[in-house]
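Beneath this line is the structure, given in structure tokens, with notes to follow.
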Amino acid sequence: MSIYRHNEISVDVELRARESVIPLWKELEFYKEYQTKLRTYLGNQKANEILTEAVYVTSLGRNDFLENYYTLRDRRSQYTIEQFQVFLVGISRGFVKALFDLGARKISLGGVPPMGCLPLERTTNFREGNECLESYNVVSMQFNGKLKGLVGELNKELQGIKLVFSNPFYVFMQIVRRPSKYGKLGLILNFD
């Protein structure tokens, strides 16, 4: 089994302009280059076999919400949170279809974690004693529900695809609620 994965990606132009996040269209270009190199190295038949049997792991939305929607006033004045979710789901649909058109058949579409419980969000939540921002967590659950619905639609629509939704929300919430169950407490440094 092969897994194709690349770095952090974002669907939204505003975020890409502010940060060194790779836009989805560029990710697809990188993937096309990879396919070309693989075909050159292994030949078309073997490369096609590898590409159709590979597992493609994607995760969309976290950067778009936290670094774009919630930090840029322009974005919030342009979209309600519901409209922004629908916008991101539409782009996710296009991205999965583009991967499918390039030969991907086994795809995991990952949702977002409880964004309100991420360290930065808790650290800056002074009003509520550095607890999780429940409003962000509600958005996480709503968006994940929409992505799950998209997965069902695309499994019916795209012949031969094996698309699954991976939802990190509840696993992360268990860790946040009962951290001692998952090991010793200590300092965690993240240099992403």
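With the working numbering applied, the sequence shown corresponds to residues 1270 to 1461, in that order. Beta carbons: idealized from backbone N, C-alpha and C, even for Gly. All values reported here derive from a predicted model rather than from experimental measurement.
* Short Cβ contact (8 Å threshold) for residue 1386 with residue 1334 -> Within the sequence shown, the letter at position 117 stands for residue 1386. Within the sequence shown, the letter at position 65 stands for residue 1334. No, they are not a contact pair.
* To do: Classify residue 1439 as helix, strand or coil using the three-state DSSP reduction.
  => Stepping through the sequence shown from its first residue, residue 1439 is reached at position 170. Three-state result, residue 1439: helix.
* To do: Taking 8 Å as the threshold, find out whether the stretch 1429-1438 comes into contact with the stretch 1412-1419 through three or more Cβ pairs.
  => The count of Cβ pairs closer than 8 Å, one atom from the stretch 1429-1438 and one from the stretch 1412-1419, reaches three, so the stretches are in contact.
* **Check whether residue 1315 and residue 1371 have beta carbons under 8 Å apart** => On the sequence shown, residue 1315 is found 46 positions in, with the first residue counted as 1. On the sequence shown, residue 1371 is found 102 positions in, with the first residue counted as 1. Taking the C-beta atoms as reference points, residue 1371 is found no nearer than 8 Å to residue 1315.
* From this set, 1381, 1400, 1428, 1366, which residue's C-alpha is nearest residue 1331's C-alpha? -> Walking along the sequence shown from the start, residue 1331 turns up at place 62. With distances taken between Cα atoms, residue 1331 lies closest to 1381.
* Alpha carbon to alpha carbon, how far is residue 1312 from residue 1320? -> Here the question's residue 1312 lines up with position 43 in the sequence shown. Here the question's residue 1320 lines up with position 51 in the sequence shown. Cα to Cα, the separation comes out at about 12 Å.
* Buried or exposed: where does residue 1270 fall if 16 or more other Cβ atoms within 10 Å of its Cβ makes it buried? -> Position 1 of the sequence shown, counted from the start, is the residue given in the question as residue 1270. Residue placement at residue 1270 is flagged as unreliable, the pLDDT there being 39, under the threshold of 50; the coordinate-derived value follows with that caveat. The residue in question, residue 1270, is exposed, as its Cβ has fewer than 16 Cβ neighbours within 10 Å.
* In this structure, what does DSSP give as the bridge partners for residue 1328? -> In the sequence shown, residue 1328 corresponds to position 59, counting from 1. Answer is 1379, bridged to residue 1328.
* To do: Could you have a look at residue 1402 and say whether DSSP puts it in helix, strand or coil?
  => Within the sequence shown, the letter at position 133 stands for residue 1402. Three-state DSSP puts residue 1402 in coil, outside helix and strand.
* Asked: Roughly how many whole angstroms lie between the Cα atoms of residue 1303 and residue 1360?
  -> Here the question's residue 1303 lines up with position 34 in the sequence shown. Here the question's residue 1360 lines up with position 91 in the sequence shown. Residue 1303 and residue 1360: Cα-Cα distance of roughly 22 Å.
* **Distance between beta carbons of residue 1383 and residue 1445, contact taken as under 8 Å** => What you label residue 1445 is simply residue 176 of the sequence shown in a count that begins at 1. What you label residue 1383 is simply residue 114 of the sequence shown in a count that begins at 1. Their Cβ separation, rounded to whole angstroms, is 7 Å, which keeps residue 1445 and residue 1383 in contact under 8 Å.
* In the DSSP assignment, find the unbroken alpha helix (DSSP H) run with residue 1430 in it and report its ends. => Looking up residue 1430 in the sequence shown gives position 161. Careful: residue 1430 lies outside any alpha helix (DSSP H) and carries neither H nor E.
* Asked: What number of angstroms, rounded off, separates the C-alpha of residue 1396 from the C-alpha of residue 1390?
  -> What you label residue 1396 is simply residue 127 of the sequence shown in a count that begins at 1. What you label residue 1390 is simply residue 121 of the sequence shown in a count that begins at 1. Computed Cα separation, rounded: 12 Å.
* **For residue 1439, the nearest candidate out of 1338, 1406, 1426, 1424 (CA to CA)** => The residue you call residue 1439 lines up with position 170 of the sequence shown. Among 1338, 1406, 1426, 1424, the Cα nearest to that of residue 1439 belongs to 1406.
* With distances taken from CA atoms, which of 1398, 1367, 1294, 1375 is nearest residue 1322? -> Within the sequence shown, the letter at position 53 stands for residue 1322. Ranking the options by Cα distance to residue 1322, first place goes to 1375.
* Quick one: Cα of residue 1450 to Cα of residue 1336, how far? -> Here residue 1450 refers to the residue found at position 181 when the sequence shown is read from its first residue. Here residue 1336 refers to the residue found at position 67 when the sequence shown is read from its first residue. Each residue's Cα considered, the two are about 31 Å apart.
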